[in-house]
Each structure stands twice: as structure tokens, then as C-alpha cells.
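Quick note: the sequence shown uses full-length UniProt numbering, first residue 1, plus one each step. Where a beta carbon is used, it is the ideal one built from N, C-alpha and C, also for glycine. Please read these numbers as outputs of a predicted model, since none were measured by experiment.
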Amino acid sequence: MHMLRRDKKDEEDGGSSNPFQNMEKSAVLQEARVFNETPIKPRKCCHILTKIMYILNQGEHIGTTEATETFFAMTKLFQSNDVMLRRMVYLVIKEMANIAEDVIIVTSSLTKDMTGKEDMYRAAAIRALCKITDTTMLQGLERYMKQAIVDKVHSVSSAALASSLHLLSQSPDVVKRWVNEAQEAATSDNVMVQYHALGLIYHIRKNDRLAITKLVGKYTRGGLKSPYATCMLIRIASKLLEDEDAGNDSPLFDFIEGCLRHKSEMVIYEAAHAIVNMKNTTARELAPAVSVLQLFLSSPKPTLRFAATKTLNRVAMTHPAAVTACNLDLENLITDVNRSIATLAITTLLKTGSEGSVERLMKQIATFMSEISDEFKVVVVQAVRSLCSKFPRKHGVMMSFLSNMLREEGGFEYKRAIVDSIIVIIEENPEAKEAGLAHLCEFIEDCEHVSLATRILHLLGREGPRTQNPSKYIRFIFNRVILESAAIRAAAVSSLAKFGAHCESLLPSVIVLLKRCLLDGDDEVRDRATYYVRVLEQQQKALNSMYILNGLSVSIVGLERALHHYTLSPSETPFDMKTVPLETQPITEQKKPDLLPSAKPADKPSAPVQEIYAEQLAAIPEFASLGPLFKSSKPVELTESETEYMVRCIKHTFANNIVFQFDCTNTLNDQLLENVTVQMDSSDGFETVCHVPAASLKYNQPGVTYTCVSMPEDATSVTGTFTNTLKFLVKDCDPNTGEPDDDGYEDEYVVS
């Protein structure tokens with residue numbers, strides 16, 4: 001006990017300082033020579049091994065030669081029977097297994113300890129032995145591992161099961177033979193042994209759907225004593241429900257719902273968490289889970305209160321009505337001593353509360369905002385943003401709250417979240433524009449982040465000239481030209497030019513201010529100022545609109561690629577901006593693709609053709625991950641008009657892939673084509689990624705099939721030749737009724 005005492009003087013001097021803080025690696029490795037001394041001094045050796053562990057865990061590099069010398073010196077310590085020293089040796093062996101050479105030399109010593117009578121050694125010896133064992137040696141240890149898995153000593157059995165799980169990735173064939181022993185261990189009364197046994201059985205059989213179904217069925221009927229194992233079983237059952245899309249009428253869902261009445265709080269929460277995260281869960285099915293989470297809100301344990309509040313916060317995003325019943329309990333948590341719980345309670349209330357409670361909630365939030373971390377402040381800001389979209393008439397209260405938060409200390413992510421929220425409120429609510437711009441003007445006076453300042457200046461240039469009194473923003477913008485860095489000065493120059501282009505009354509003043517920037521020390525600022533002054537002096541609205549107010553509407557990625565391609569093959573012909581595709585907006589809602597892409601949707605008769613293509617392609621799951629559409633070509637006819645199968649091709653170019661859209665028409669009234677695809681072959685580095693077939697082609701009814709190919713790694717190889725073959729299943733049919741035969745045959749047709 002004398003080691004645990006601390007003198008009063010040590011406490012006053014700050015005795016909690018790190019004793020290993022200023023150690024040198026070379027000095028510690030020199031001390032390791034003590035391991036060779038006789039007799040062995042256990043206490044001193046333990047202290048040196050602790051230093052070595054500290055150095056390794058601090059990430060300091062130890063060379064192979066140094067590690068090997070230290071390791072071989074450490075093997076002498078097996079002569080000591082001191083329990084603490086032996087366990088430290090096991091730990092260091094595990095850490096040095098991947099650094100030192102010939103670590104398998106201690107295999108016999110570890111095997112002896114693993115099978116010995118000293119239970120204090122055995123579990124740690126198993127972990128160390130499995131760390132240094134390779135596939136060739138594992139079969140020799142298989143008998144010992146099987147015995148250890150079913151050992152009566154719980155620590156030994158648990159260590160063997162956990163080590164087996166690590167070995168499964170290296171030697172799956174060997175470990176799979178231990179499943180009978182793992183099943184026997186799963187009947188253990190010890191909670192950790194049962195948990196580790198179930199985990200090992202699951203990972204052995206996880207690729208066999210039928211085996212996993214039987215495993216879950218067995219333990220859901222028989223029950224498990226370990227709450228940890230029951231939690232794992234809930235997770236396995238949830239994954240099965242998701243993979244099989246079995247719906248909530250499945251016995252697995254009944255099992256999970258039954259766990260809401262388990263005696264262990266851990267299991268109850270795991271079941272509730274699983275239910276609220278299931279897809280397509282109705283409010284009625286959520287009710288039992290929300291009820292138990294509501295009980296946890298009043299628990300004396302902070303962990304349960306935090307878990308329940310965080311889960312209800314997530315439920316409130318999709319089913320706010322289901323959480324409304326918990327509002328009273330959540331309001332009691334606003335004053336919780338744990339500020340993380342209070343923050344989550346507030347944000348949940350913001351998502352579920354009524355319009356009348358907004359002001360009261362805002363006052364309560366303001367009392368503790370300075371006491372929580374930036375991470376939770378961002379959560380609060382996002383909740384306020386969503387609340388403003390829900391109750392736009394309360395924008396004044398929320399805008400004032402956000403502006404006060406802008407004046408407080410905080411990091412970049414926190415400030416960016418506030419600025420994003422204010423901008424969203426301005427764009428969604430015209431009445432909030434004046435107040436929002438005023439708050440942002442005050443913020444850029446002391447803004448330390450270049451990206452935020454330039455974004456706000458861009459917003460001021462776009463929205464400021466359209467306000468009732470645009471002149472009041474000029475001072476804030478020109479101050480940035482005088483006081484800030486080059487990037488911000490350049491953005492301020494562009495913002496000033498937009499005021500001059502839009503407001504004739506401000507034009508003379510703006511030109512004077514821009515002329516002051518002609519002597520700026522930065523090239524970008526001078527060039528912008530010169531450009532804008534020259535355009536504004538013409539006093540022509542058409543020029544102002546074309547070169548100042550309306551920016552480039554082309555795709556930035558497309559422009560970069562086009563310019564890069566132009567520089568690779570210099571030409572006397574000037575670069576033509578018309579060759580760059582227009583910018584396309586991201587598709588937020590996926591819609592069912594039309595079989596006739598050339599026809600415009602009824603609800604968007606004036607939409608650009610490329611925008612229609614982008615929307616249709618985004619709705620196809622196989623193409624959802626390709627990114628934004630770069631450009632779509634015009635249709636190209638691949639067959640003559642009088643042929644039996646008419647095919648035309650449209651090429652859609654993405655960042656790393658090309659999608660070929662084939663519009664096909666069957667002109668034979670005595671045939672039905674099914675599963676129609678186009679096989680594309682090329683020797684130019686392009687590889688076919690996937691096909692999206694047309695289900696059927698009836699007589700004179702067009703259909704669409706897609707073929708996606710990946711571009712070659714060489715960015716300069718952007719041309720290639722393809723051989724296209726139409727492949728399909730032909731079914732003969734009655735020309736009069738169109739009724740096809742039951743049987744068909746495979747056929748193909750070369751289109752180009």
C-alpha cells in the first residue's frame with residue numbers, strides 16, 4: 001500500500017505529472033540489460049518493461065535490431081515466477097510481435113504456461129501465443145486451443161474465444177473446426193464467455209444465411225443468460241430483418257420487441273435502439289420503444305439519460321409526433337448537470353415543440369451555450385435552422401439568437417454552421433434578408449476565417465443591391481479592401497462591382513473606390529479592379545449583366561477538363577466556351593426513369609435536355625454513385641431506318657465513367673424481345689462496369705437499355721472504338737394478338 005500513498009507535499013506540487021514524460025528511447029533500451037542479471041529483480045524489471053510499453057504506445061519507432069535484442073534479453077525473465085513480471089512479459093511480447101525477429105522462439109514457453117496449473121498465467125499466455133502464431137504453427141496448437149475454449153476457468157475460456165476470433169481472419173479453415181467447442185462454451189454461466197462464444201460462432205457462420213437463421217432461432221427460443229450476448233443477438237436479428245426485408249411481422253421482430261421487457265437495462269436499450277433504426281417502421285411499432293426510452297429519461301444514471309435522449313433526438317428527425325409524448329420529461333433535462341444531455345434534450349424539443357414554445361426554448365438554450373463544446377453547439381445550430389424552416393414567422397427570435405452566437409468564441413466548424421444557417425434563413429424567408437445581412441456584416445468585421453469572409457462578401461454582392469438601402473453595405477465591403485488579406489480583398493472588389501452594375505445611383509462612388517484598388521499589392525486584386533472599372537465606365541446594362549452580374553453558367557469540372565484537354569493539344573483556333581457543358585443542379589429527389597428520355601416530363605416542359613437526362617440517370621440505382629453528369633451527346637443512329645431492329649445511342653459522360661444509352665425499337669410484329677442488352681467490346685482501355693437491360697421490346701414500342709463503361713487510367717486516352725452487339729431473348733408471337741410463346745431462344749444482332 002505504500003506505493004499508493006502520496007505525500008502531502010507531492011499533492012501540493014502537482015504529483016499527478018507524468019513520470020515517463022521525458023524518457024529517451026536509447027536510455028530505456030540500455031536499461032533492458034538488467035534482464036540478463038542474476039538473480040532477477042522483478043520490481044525493477046517490471047518498471048523497465050512499463051517504460052518500453054510506454055515508448056511503443058507513444059508511437060516512437062524502434063528498429064528491428066534494437067527490438068530483437070531487447071526481446072531476446074526479455075526471454076530470460078521466464079525464469080522468474082513473479083506473477084506481475086510474467087504478465088508484463090506477455091504484454092510486451094504482444095507489442096513486439098510485429099517488430100522483432102524470431103519471436104516464435106518463445107512458443108514453447110508460452111505453450112507451457114498456457115497448459116500449466118497457474119491460472120494467473122494461462123489467459124495472458126493464450127493471448128500472447130495467438131499473437132505470434134502463424135498459419136503453419138496453428139495446427140500444432142489446435143488441440144490446446146480447443147481445450148482452452150471449454151476450460152472451466154472463465155478467464156481462460158474467454159481469452160481463447162477472443163483470440164480465436166482474431167485468428168479467424170488468418171486461418172479460417174482451422175478456426176472453423178472449433179465451432180463445436182464454441183457452442184459448448186455458449187452454454188456457460190459466465191456472461192463474458194457466453195458473449196465471446198456467440199460472437200465467434202456468428203463470425204464463423206456469417207456467410208451462411210441458413211446457418212445464421214438457425215443460430216438466431218436457437219438462441220431466441222432458448223434464451224441467453226448474458227446481457228452482452230443478448231445485445232449481440234439483437235444486432236444479428238436486426239441485420240437479418242434488414243437483409244431479408246422480412247417486415248415487422250417476422251418472429252425476429254417479435255423477439256426484439258420482447259427484449260424491451262428484459263431485466264437488463266442494457267438489453268432494453270439495445271432493443272429500443274434497434275427498433276427505432278429499422279426501415280419503414282410505423283408510429284404504432286415505434287410506440288413501445290419510445291415508451292421505454294421515456295422511462296430512461298428520468299433514470300438516475302447519466303448514461304441511460306444520455307442514451308435515451310440521443311436516440312429520441314434521432315427519432316424526432318423522422319417521426320417527431322412519436323416523440324411529442326416525451327416533451328415534458330425532455331424539458332426537465334434542460335437543467336441537467338450533464339451539458340451533453342441538456343443539449344440533446346433542447347435540440348429534440350426544437351424538433352418536436354410548438355410555435356408558441358420557441359421563445360421560451362431559445363432563452364433556455366442561451367443560458368448554457370457557453371458551457372458546452374463546439375461539437376454540441378453545431379448540433380444546436382442545426383436544430384435552430386430546421387426550426388426556422390418549420391416556423392418562418394419566428395425568424396426574428398432565431399436570427400437574434402444566431403447573431404449572439406456569432407459574437408462568442410468558437411472554432412471554424414461552429415462559425416460555419418451559424419453562417420450556413422443564417423444564409424439558409426435569408427434564402428428561405430425574404431423578410432429576414434435585411435436583418436440577416438446586417439448580422440453578417442458585423443461578423444466579417446472580426447472574422448478570422450478567409451473562406452467564411454469571402455462567402456459572406458459574395459452573398460452581399462448578390463443580395464445587397466436588391467435591398468431597400470444598398471448603400472449601407474458599401475462601408476462594410478470597402479473596409480475589407482483596406483484591412484484584410486488578398487483573397488478577401490479580391491472578393492470585396494467583385495462584390496463592390498456588383499453594386500455599381502446594379503445601382504446606377506452608386507455607380508460613381510463605386511468607380512472611385514475601385515480605382516483606389518488599382519495600386520493594390522496583389523495581382524488578383526489589381527486585375528479584378530481594372531477589369532470591373534473598364535466595364536462599369538461603359539455604362540451599358542448589357543455589358544454589366546454579361547460580365548459582372550451573371551457569372552459563368554458552365555460546369556466548373558467540365559471547364560477544367562476542357563481547358564486541360566485544350567492545353568494538351570495546342571491549336572491556333574481559340575478556345576470556345578460553347579464546347580463546355582452547362583452546370584447541372586444536383587438531383588435531390590429520385591424519380592422513376594422514363595422509357596422515352598427524349599420526351600420532356602409533363603411537369604417540366606421547359607427543362608434543358610441534359611437536366612432531364614441527369615434526373616433520369618440519377619434515378620437508376622446502378623448509376624447513383626457516378627456523381628454529377630458532365631455532358632450528354634446528341635442522339636446518333638446506329639442502324640438504318642428500314643432494319644428489323646432500330647437502335648440509336650446517346651453518350652452520357654461522368655467524371656470516371658461513360659454511360660451509353662441505347663434507344664431500341666423492335667419493328668417485327670411476330671417477335672417479342674426480352675432482357676435486351678448491348679455488349680460493348682473495346683481494346684482501348686475502356687472496361688464494361690454494368691448493364692441495365694430493357695425488360696422487353698414489344699412490336700413498335702421503344703425501350704431503353706444502358707451500358708456503363710469505366711474510363712482508362714490515362715486521362716489523355718479519351719477516345720476509343722467500340723464494337724456493339726445487341727443481345728436478347730427472342731420469343732415468337734402471334735402477329736394479330738401479340739401473344740408470345742412460352743419458350744424462347746438467345747439471339748444477337750450486330751449494330752455497329
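inquiry  = Given a cut-off of 8 Å on the beta-carbon distance, is the pair ALA409 and LYS433 in contact?
reply    = Here residue 409 is Glu; the residue named in the question, Ala, does not match the sequence. Result no, Cβ atoms of GLU409 and LYS433 do not sit closer than 8 Å.
request  = Ignore the nearest five residues each way along the sequence and tell me which others in THR573's own chain have a CB closer than 7 Å to its CB.
outcome  = none
request  = In angstroms with no decimal places, state the Cα-to-Cα distance between ASP743 and GLN701.
outcome  = 21 Å
VAL750 versus ILE650 - alpha carbon distance = 17 Å
ask   = Since MET680 sits in a beta bridge, which residues does DSSP pair it with?
value = ASN724
request  = Rounded to whole angstroms, what's the CA-CA distance from GLN147 to ALA307? Just pull it up for me.
outcome  = 40 Å
inquiry  = For ASP527 and LEU496, I'd like the C-alpha separation in whole angstroms.
reply    = 14 Å
ask   = Roughly how many angstroms separate the alpha carbons of LEU507 and GLU445, rounded to a whole number?
value = 24 Å
inquiry  = Using the three-state DSSP reduction, which class does SER632 fall into: helix, strand or coil?
reply    = strand
key: Exposure of PHE662, with buried meaning 16 or more beta-carbon neighbours within 10 Å   = buried
query = The alpha helix (DSSP H) with TYR202 in it runs from where to where?
reply = 191-205
query = In chain order, which continuous runs of the alpha helix (DSSP H) of length 4 or greater are located wholly inside the region 13-60?
reply = 25-31, 42-57
query = Nearest to PHE71 by alpha carbon, out of GLY59, HIS47, ASN98, GLU431?
reply = ASN98
request  = Return the Cβ separation of VAL510 and LEU549 in integer angstroms, given the expectation that the two are a contact with Cβ distance under 8 Å.
outcome  = Not quite, the Cβ-Cβ distance comes to about 13 Å (not below 8 Å), so this is no contact.
query = So GLY703 packs on VAL678, CB below 8 Å; how close in whole Å?
reply = Contact doesn't hold; Cβ gap of about 12 Å is too wide.
inquiry  = Any contact between the region 87-102 and the region 60-75? By contact I mean 3 or more CB pairs, one from each, below 8 Å.
reply    = yes
request  = With distances taken Cα to Cα, identify the nearest neighbour of ILE62 among GLU101, ALA123, GLN610, ALA614.
outcome  = GLU101
task = Identify, in the order they occur along the chain, each residue of the same chain with its Cβ nearer than 8 Å to the Cβ of ASP189, setting aside the five sequence neighbours on each side.
result = LYS225
task = Drop a sphere of 10 angstroms on the beta-carbon of VAL419, count the other beta-carbons inside from all chains shown, and report buried for 16 or more, exposed for fewer.
result = buried
task = Could you tell me whether the Cβ atoms of ILE201 and ILE236 are closer together than 8 Å?
result = no
Stretch-stretch touch, CB-based, cutoff 8 Å, three pairs: the region 143-159 with the region 177-189 = yes
key: Start-to-end residues for the alpha helix (DSSP H) that takes in HIS458   = 450-463
message = Please list the terminal residues of the continuous beta strand (DSSP E) segment that includes residue 811.
response = With the chain covering only 1 through 752, there is no way to say anything about residue 811.
query = Is it buried or exposed for PHE296, if we count other Cβ within 10 angstroms and need 16 for buried?
reply = buried
task = Check the DSSP bridge columns for PHE662 and list the partner residues they point to.
result = CYS649, THR705
request  = Hey, could you find the ends of the beta strand (DSSP E) VAL750 is sitting in?
outcome  = 745-750
request  = Would you kindly report the start and end of the unbroken alpha helix (DSSP H) that includes THR213?
outcome  = 209-222
key: Endpoints, the alpha helix (DSSP H) within which TYR414 is located   = 412-428
ask   = Who are the Cβ neighbours of VAL292 in its own chain at under 6 Å, not counting the five residues just before and after it?
value = LEU260, ILE268, ALA272
key: Distance, CYS231 Cα to LEU110 Cα   = 34 Å
query = Under 8 Å between the Cβ atoms of CYS708 and PHE630?
reply = no
request  = Look at the alpha carbon of LYS44 and the alpha carbon of THR311, and state the distance between them as a whole number of angstroms.
outcome  = 50 Å
ask   = Taking Cβ positions, are MET369 and MET405 nearer each other than 8 Å?
value = yes
request  = Determine the burial state of ILE488: buried for a count of at least 16 other Cβ atoms within 10 Å of its Cβ, exposed for fewer.
outcome  = buried
key: Cβ-heavy atom distance, TYR745 to the ligand SAH, below 7 Å   = This structure lacks the ligand SAH; in fact it carries no ligand of any kind.
query = Quick one, which of ILE55, LEU198, ILE234, THR324 has its alpha-carbon nearest ILE256's?
reply = ILE234
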